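So for the sequence shown, numbering that gives the first Met the number 0 puts the first residue at 0; every next one is plus one.
Positions of the beta carbon are idealized from the N, C-alpha and C atoms, including for glycine.
As the structure is a computational prediction, the values presented were derived from the model and not from experiment.
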Amino acid sequence: MWFLRPDPHVKPEGPLAFRVRVRTKSGEVVELRLSKSMEISPVEGGYYVRKEIVAPKSLDRAVLEIWFDRRFRPVRKEVAGGELVPIREWG
């Protein structure tokens, strides 16, 4: 039987959303909630979300992009101006 490993950066939050954390250049961590119905858009072959981030304390800016397959599994992730924080580091 084939088991898919959970994505190391994108954490499901029930059936309707995902949580991700982005570390900006100054080290500030910003948590985002991505709603399947409000923010994630259908595209050819799956889904896509783009979020512009402004860290509240440092005012650092970053842009998060995630591409999902048709079953909402992340297939590609990019962060301009920061990096994704692995779930195992969330504490």
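{"Item": "Residue burial classification, L15 (beta-carbon count within 10 angstroms, cutoff 16)", "Value": "exposed"}
{"Item": "Rounded C-alpha distance that separates R20 from E30", "Value": "4 angstroms"}
{"Item": "Per-residue burial, A54 [other beta carbons within 10 Å of its own, 16 or more giving buried]", "Value": "buried"}
{"Item": "For P73, the nearest candidate out of R87, K24, A79, L33 (CA to CA)", "Value": "L33"}
{"Item": "Extent of the continuous beta strand (DSSP E) run through W66", "Value": "60 to 67"}
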